[in-house]
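Encoded as structure tokens, the structure appears first; notes follow it.
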Amino acid sequence: MIEDAAPATVALPDLVREVVTPAAAAEILEKTRLHGCNPRKLDSSHARRLARDMCNGRWDDYNPDVLSLCGHGAAIQGQHRLEAVIISKAPRSFLVARDVPHGAATTMDCGKARSAATALSLVGVDGHRKDISSTIRLLQNYDVERKNVAWPAWRSVVYTNAEIVRFFQFKYSDLPVFLPLMTAVKNGVYSAPAASLACAYLVHRDGGSISHADDFFQGLISGAHLDTADPRWITRRYFHSPARPRRGNITSALHLGLLLKTWNFWVTGETWEIANFRATQRMPDIVNASCAVQAQQAFRNPSEDGPVVPRRRAADRVSVPGQTMGMMHLPLEEGFPV
Ligand SMILES: [Zn+2]
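Okay, so the sequence shown: first residue is 0 according to numbering that gives the first Met the number 0, each after it adds one.
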């Protein structure tokens with residue numbers, strides 16, 4: 000019997016649904032600081048993320064996570080939610096437990112955190128959830144943060160699970176359509192899964208031509224019959240180098256930048272000497288294939304993106320001015336495996 004197995008001497012606290020105003024939240028947090036009841040440091044950026052969810056309607060008031068207060072009336076669990084109530088300037092109801100012993104905090108929040116990938120399963124994403132959630136982060140940074148945050152700092156932009164779900168539902172719900180192309184790109188090019196999926200998605204969304212996109216990916220993936228001056232050949236050589244960056248938080252953004260630059264060069268009939276995407280460069284806009292002629296002119300203008308040469312000048316490559324060893328990401332060995 001369950002009753003026999005239950006610890007008879009332990010009484011769980013009663014839970015009461017209470018509305019917590021910003022003023023009440025501030026008072027609880029003040030008591031928490033005063034009595035030192037919560038040794039857990041308040042992470043203000045985490046609180047701001049929760050406040051974002053509260054402000055944009057993504058906070059779920061059915062969330063039964065308990066706000067635990069000790070005998071001092073201080074928060075031993077829930078300080079980030081309280082801080083978020085203050086930031087969002089709106090009252091919020093919580094299940095509140097009072098007179099919880101301080102020692103009970105030892106076993107609080109020890110559960111396994113739920114990932115954005117798991118959250119996506121609740122809105123019907125049934126495969127490649129981890130790749131899709133990483134790609135949504137990458138796309139959101141590309142579409143929204145690109146002008147504000149340099150790409151090497153994208154790793155510091157954190158989204159809540161609720162935000163990832165919202166971005167999926169309202170902006171990127173067709174992302175799973177591109178999963179077969181993602182698989183082909185990552186297996187053919189060795190690019191990171193999120194970069195492969197984001198590139199497939201963005202080129203189709205912003206590239207302006209399905210037939211150009213098909214041609215582009217076919218050559219990029221297979222490497223077959225590519226001229227050595229084709230930007231896709233040069234990009235493939237970069238990715239097939241054992242020295243290429245494979246891991247790390249910014250790998251996806253780095254790979255996305257390389258793949259998008261490859262598209263831009265290819266669609267405008269340009270190429271590059273060495274595949275590179277430096278930390279100081281901005282994440283490229285995607286050249287629309289139907290505007291490629293005008294874009295070609297723009298690409299010939301001096302830019303910080305390094306030497307750009309017409310694609311049919313492969314034989315002259317060694318004499319291109321401006322190329323320095325410092326730009327090289329890998330040795331220019333002839334016969335490098337492709
Ligand atoms: Zn206390």
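Cβ coordinates follow ideal geometry from the N, Cα and C atoms, glycine included.
Problem - The beta strand (DSSP E) enclosing residue 75, as first and last residue numbers - result: 74-76
Handout entry: Contact check, residue 53 vs residue 84, beta carbons under 9 Å
Key = yes
Exercise for the section: Report the residue ranges of all alpha helix (DSSP H) runs contained in full by the region 23-62; include only those spanning at least 4 residues, in chain order. Expected result: 43-54
Exercise for the section: Please say whether residue 156 and residue 215 have beta carbons closer to each other than 9 Å? Expected result: no
Practice task
Measuring alpha carbon to alpha carbon, tell me which of 280, 268, 113 ends up nearest residue 287.
Solution key: 268
Problem - Coil, strand or helix - residue 279 by DSSP - result: coil
Handout entry: Terminal residues of the alpha helix (DSSP H) in which residue 272 lies
Key = Per DSSP, residue 272 belongs to no alpha helix (DSSP H) and is neither H nor E.
Handout entry: Exposure label - residue 10; buried when at least 16 CB within 10 Å
Key = exposed
Practice task
Compute every distance between the C-beta of residue 75 and the non-hydrogen atoms of ligand 1, then say whether any falls below 8 Å.
Solution key: yes
Problem - Neighbourhood of residue 315 by C-beta, 6 Å cutoff - its chain only, sequence neighbours within 5 removed - result: In this prediction, residue 315 has a pLDDT of 39, which is less than 50 and means its spatial position is unreliable; what the coordinates show is noted afterwards. Nothing meets the Cβ criterion.
Practice task
Please state whether DSSP places residue 148 in a helix, a strand or coil.
Solution key: coil
Problem - chain B contact for residue 206 (CB, 9 Å cutoff) - result: You won't find chain B in this structure, because it holds only one protein chain.
Exercise for the section: Pull up the distance between the alpha-carbon of residue 162 and that of residue 188, whole angstroms please. Expected result: 30 Å
Handout entry: Identity of the residues DSSP links to residue 17 by a beta bridge
Key = 93
Problem - Meets three-Cβ-pair contact criterion under 8 Å: the region 128-144 and the region 174-181 - result: yes
Exercise for the section: Run the proximity test for residue 102: is its beta-carbon closer than 8 Å to any non-hydrogen atom belonging to ligand 1? Expected result: no
Exercise for the section: Could you tell me the boundaries of the beta strand (DSSP E) in which residue 184 lies? Expected result: Here residue 184 belongs to no beta strand (DSSP E); instead the alpha helix (DSSP H) covers 178-188.
Handout entry: residue 36 beta carbon near ligand 1 (any heavy atom closer than 8 Å)
Key = yes
Problem - Other residues of its chain near residue 44: CB distance less than 8 Å, five sequence neighbours each side excluded - result: 157
Handout entry: Reference residue 57, options 24, 29, 164, closest by Cα
Key = 164
Practice task
Buried or exposed for residue 347, please, with buried defined as at least 16 other CB atoms from any protein chain shown within 10 angstroms of its CB.
Solution key: As shown, the chain starts at 0 and ends at 337. That puts residue 347 outside it, with no answer to give.
Practice task
Pick out whichever of 78, 70, 26, 196 has its Cα sitting closest to the Cα of residue 39.
Solution key: 78
Problem - Simplified DSSP state of residue 289, which is helix, strand or coil - result: helix
Exercise for the section: Using a threshold of 9 Å, state whether the C-beta atoms of residue 46 and residue 75 are closer than that. Expected result: no
Exercise for the section: Measure the Cβ-Cβ separation of residue 94 and residue 16 and say whether it is below 9 Å. Expected result: yes
Exercise for the section: With a threshold of 16 other CB atoms inside 10 Å of the CB of residue 229, please say whether the residue is buried or exposed. Expected result: buried
Exercise for the section: Flag residue 203 as yes when its Cβ comes closer than 8 Å to any non-hydrogen atom of ligand 3, and as no otherwise. Expected result: The model depicted lacks ligand 3 and carries ligand 1 instead.
Problem - Pick from 227, 285, 254 that is closest to residue 212, judged by C-alpha positions - result: 285
Handout entry: Backbone secondary structure at residue 202 - three-state DSSP
Key = helix
Exercise for the section: Return yes when the Cβ of residue 170 is within less than 9 Å of the Cβ of residue 138, no when it is not. Expected result: yes
Exercise for the section: Using 10 angstroms around the beta-carbon of residue 99, count the other beta-carbons present and answer buried if the total reaches 16, otherwise exposed. Expected result: buried
Handout entry: DSSP-derived helix/strand/coil call for residue 315
Key = For residue 315, the predicted model reports a pLDDT of 39, less than 50, meaning its position is unreliable; a value from the coordinates is still stated below. Looking at residue 315 - three-state DSSP - the assignment turns out to be helix.
Practice task
Keeping to the same chain, check which residues put their C-beta closer than 6 Å to that of residue 13; ignore five residues upstream and five downstream.
Solution key: none
Practice task
Give me whichever residues DSSP pairs with residue 65 in a beta bridge.
Solution key: 94
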